[in-house]
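Residue numbers 1 to 283, in UniProt numbering, belong to the letters of the sequence shown in order. All remarks here apply to the structure that follows.
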Amino acid sequence: MKSSLYPPVSLPNLLLAIVLVVTSFALLSATIHRTSYFSSIPSVAPPPERAWPTVWASYSNEPPEPKYFHEAGNTLEMSHYDIRFFQGVIPYSQHREVLQHLIRSYLSIMASLKMETWIAHGTLLGWWWNGRIMPWDYDLDVQVSLSTMDHMAKQFNQTLHEWRYTTDEGGEGVQEIKRTYLLDINPNYSEMKRRQGMNVIDARWVDVDTGMFVDITALAERNPVLEPGIWSCKNFHQYRTHNIWPLKETSFEGVKAKVPLDHERILVAEYGEKSLVLTEWEG
């Protein structure tokens, strides 16, 4: 009789082997099921471009992306001042007036220059409620098409614009006030990808006396072959052509303005349905 190459299998060892095989099969099935399930739903994790620039650069082999616009600080309040013109924090009792003339001057001067632009994001929400800036806002947001941004960059980049208005506040009778604003176009505005997120703002309208500004972002069809009619900025806000155009003519803070045609759908998508109902925010 030939000797076996394998030792005899005892009953306990056979049972243990069966248990291990069954367990391994169950774990494999669970893994396959879990992978299949998660691959079937949209990922809620941010894309890698949203990662901290140094981390993203290490994964993508890209050098750190230089940031064009620089703010006075990292807090919510300080991040709304351009560091080049920052003279100190504007008291809350005065910052609304600064914002009012920022948006009034921008909308009026862009209209005179035949630049198509419209209000967006939190500024659009303020318009929806009462045609004014929200009392808690520190910033202002507007949008343009990429073709309009091209024209602005070629014809009006780094131009200074005067804005004059009268006021009777301060107890000194009617006075004429002059403010000066800088239209500053980010040289990275034509970049189609977000990259490391350092240049998602394509241009700014800056009050040179205070450093406060209007953020201007350009919408473009970033994938016209696979996603025709889908417009987005570098911060992943997406719209369909019929959500934006034809623009609706209206007024905001007492001057002529334009808003997207489907503005309610846009606001609900960005802020939720409660944003059109709740009358308070953080108290």
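A virtual CB, placed ideally from N, CA and C, is assigned to each residue, including glycine.
Handout entry: Buried/exposed call for D215, threshold 16 Cβ in 10 Å
Key = That one is buried.
Handout entry: Ordered list of alpha helix (DSSP H) runs contained in the UniProt domain "LicD/FKTN/FKRP nucleotidyltransferase" (114 to 221), each at least 4 residues
Key = Residue ranges of uninterrupted alpha helix (DSSP H) with 4 or more members, entirely inside the UniProt domain "LicD/FKTN/FKRP nucleotidyltransferase" (114 to 221) and ordered along the chain, are 121 to 130, 146 to 156.
Problem - Backbone CA spacing between R50 and S232 [nearest angstrom] - result: A caution first: R50 carries a pLDDT of 39, below 50, which makes its placement in the model unreliable, though a value can still be read off. Roughly 16 Å separates the two Cα atoms.
Exercise for the section: Please report how far the alpha carbon of I103 lies from the alpha carbon of A111, in whole angstroms. Expected result: It is roughly 12 Å from the alpha-carbon of I103 to the alpha-carbon of A111.
Handout entry: Closest residue to E162 among G254, R179, E169, P63 (Cα-Cα distance)
Key = Comparing alpha carbon positions, the residue from G254, R179, E169, P63 closest to E162 is R179.
Problem - Where R84 falls: helix, strand or coil (DSSP) - result: Correct three-state label for R84: coil.
Practice task
Using the DSSP secondary-structure output, state which residues sit across from F252 in a beta bridge.
Solution key: In DSSP, F252 forms a bridge with V255.
Exercise for the section: My understanding is that D82 touches G211, with C-beta atoms under 8 Å, so please give their C-beta distance in whole angstroms. Expected result: Contact flag correct, Cβ pair sits at about 4 Å.
Practice task
Can you grab the Cα-Cα spacing for the pair M149 / N243, in whole Å?
Solution key: Cα to Cα, M149 sits roughly 20 Å from N243.
Practice task
Express the C-alpha separation of G173 and Y271 in angstroms, rounding to a whole number.
Solution key: Looking at the two C-alpha atoms, the distance is approximately 42 Å.
Practice task
In angstroms with no decimal places, state the Cα-to-Cα distance between V277 and D141.
Solution key: Those two C-alpha atoms are separated by around 21 Å.
Handout entry: D137, buried or exposed, once every other Cβ within 10 Å from all chains shown has been counted against 16
Key = Buried.
Problem - Option nearest M152 by Cα separation, candidates L247, M134, L125, T217 - result: Measuring from the Cα of M152, the nearest candidate turns out to be T217.
Exercise for the section: Can you grab the Cα-Cα spacing for the pair R222 / N186, in whole Å? Expected result: Distance between the alpha carbons of R222 and N186 is about 18 Å.
Problem - A26 (DSSP reduced to helix, strand or coil) - result: Unreliable positioning characterises A26 in this predicted model, as indicated by a pLDDT of 48, which lies under 50. The coordinate reading is nonetheless provided below. In the structure shown, A26 sits in a helix (DSSP, three-state: H, G or I).
Practice task
Have a look at M134 and N61 and give me their C-alpha separation to the nearest angstrom.
Solution key: Per the coordinates, the alpha-carbon of M134 lies some 42 Å from the alpha-carbon of N61.
Problem - Spatially closest choice to P228 from Y239, E249, W129, by CA coordinates - result: Of the candidates Y239, E249, W129, the one whose C-alpha sits nearest the C-alpha of P228 is Y239.
Exercise for the section: Note down, in chain order, each residue of its chain lying with its Cβ closer than 8 Å to the Cβ of I90, except the 5 sequence neighbours on either side. Expected result: V98, T210, M212.
Practice task
Report yes if the C-beta distance between S145 and L219 is below 9 Å; otherwise report no.
Solution key: For S145 and L219, yes; Cβs fall inside 9 Å.
Exercise for the section: Could you work out which residue in R84, A72, A269, Y189 is closest to A203 when comparing CA atoms only? Expected result: Measuring C-alpha to C-alpha distances from A203 to each of R84, A72, A269, Y189 identifies Y189 as the nearest.
Handout entry: Cβ-based neighbour list, E273, same chain, cut-off 6 Å, excluding 5 preceding and 5 following
Key = Cβ within range, chain order: n/a, list empty.
Practice task
Output the distance between the C-alpha atoms of L182 and K114, rounded to the nearest integer angstrom.
Solution key: Distance between the alpha carbons of L182 and K114 is about 17 Å.
Problem - Alpha carbon of F38 to alpha carbon of K193, nearest angstrom - result: Here the model assigns F38 a pLDDT of 31, short of 50, so the residue's position is not dependable, and the following value carries that caveat. Each residue's Cα considered, the two are about 26 Å apart.
Handout entry: Pairwise C-alpha distance: K234 and residue 325
Key = The chain is shown only over 1 to 283; residue 325 falls outside these bounds and no answer can be derived.
Exercise for the section: Taking 9 Å as the cut-off, decide whether the C-beta atoms of W118 and L267 are in contact. Expected result: Not in contact: W118 and L267 (Cβ atoms no closer than 9 Å).
Handout entry: With 16 other Cβ atoms within 10 Å as the buried cut-off, status of V259
Key = Buried, by the Cβ-count rule.
Practice task
Compare the C-alpha of A116 against each of S108, T75, T123 and name the closest.
Solution key: A small fix is needed here, since residue 116 is Glu in this sequence, not Ala. Out of S108, T75, T123, S108 has the C-alpha closest to the C-alpha of E116.
Problem - Q143 versus L76: straight-line alpha-carbon distance, rounded - result: When the Cα atoms are used, Q143 and L76 turn out to be separated by approximately 21 Å.
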